[in-house]
Each structure stands twice: as C-alpha cells, then as structure tokens.
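> Numbering (our numbering), first residue to last: -15 to 80.
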C-alpha cells in the first residue's frame, strides 16, 4: 500500500490531500448548519476519510505536526465509530 502511494505522481497526491481538506470543511459546515450531529457515525466516518486523505497528501511534502494531527483524528474517529457501533448493537439487542 505504501509503495503504491509512493509511486503516485506528486500532483495526484496533492489532489488527494485537497479532497481531504474539502471533506473537513464540508463536515464542519454540515455540523454548523445542523445537517449532521457530532453524535452520528457519519460525522466520524467523514473525519476519518478526511484525515486519511490529508495524511496521504503529506507523503510527498511531509510535515511532522500536520501528520501527528491527522494520526490523532484517525485514532479518535476510529474509536468513536467503534463506540457508536457497540452502542447501536446494544440498543438493537434491547429491542429484540
């Protein structure tokens, strides 16, 4: 996987990073205008995708601080998705 990303042209890697940035902005706008809540799984899925794409974008022009914040978002978003999936499974089990 890393070898594949390393072989991508810098332009493509930059486009992936910009798409990740766009997902962050879109997610924040959806949250701000109450189209999405911070309790929904989708909010964290979008954050996870955005962070992953920005991290890919950093592979050709690395910045440690930016990479660390993206890793943080990946970890916290993954954790939040797992927590919410467990909560929904518990709720489903209570109704069964």
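Ideal placement from N, C-alpha and C gives every residue a C-beta, glycine not left out.
None of the values given here were measured: they were computed from a predicted structure.
#1: In the DSSP assignment, the alpha helix (DSSP H) including residue 43 goes from what residue to what residue?
#2: If I follow the unbroken alpha helix (DSSP H) through residue 5, where does it start and stop?
#3: On the DSSP letters alone, give me the boundaries of the alpha helix (DSSP H) that residue 19 sits inside.
#4: Using a Cβ-Cβ cutoff of less than 7 Å, which residues in the same chain neighbour residue 31 once the five nearest sequence positions on both sides are dropped?
#5: For residue 45, tell me which candidate among 19, -6, 3 and 79 has the shortest Cα-Cα distance.
#6: According to DSSP, simplified to helix, strand and coil, what is residue -15?
#7: Taking only the alpha-carbon atoms, compute the straight-line gap between residue 43 and residue 29 and give it to the nearest angstrom.
Let's see:
#1: In the chain shown, counting from the first residue as 1, residue 43 sits at position 59. Premise fails: residue 43 is in no alpha helix (DSSP H) and is neither H nor E.
#2: The residue labelled residue 5 in the question sits at position 21 within the chain shown. Residue 5 -> alpha helix (DSSP H) spans -6 to 16.
#3: The residue you call residue 19 lines up with position 35 of the chain shown. That residue, residue 19, is in no alpha helix (DSSP H); it is neither H nor E in DSSP.
#4: The residue labelled residue 31 in the question sits at position 47 within the chain shown. So the qualifying residues of the chain are 11, 57 and 61.
#5: What you label residue 45 is simply residue 61 of the chain shown in a count that begins at 1. Minimum Cα distance to residue 45 is reached at -6.
#6: The sequence position of residue -15 within the chain shown is 1, counting from 1. In this structure, residue -15 counts as coil in the three-state DSSP scheme.
#7: Taking the chain shown and counting its residues from 1, the one referred to as residue 43 is at position 59. Taking the chain shown and counting its residues from 1, the one referred to as residue 29 is at position 45. For residue 43 and residue 29, the distance between alpha carbons rounds to 22 Å.
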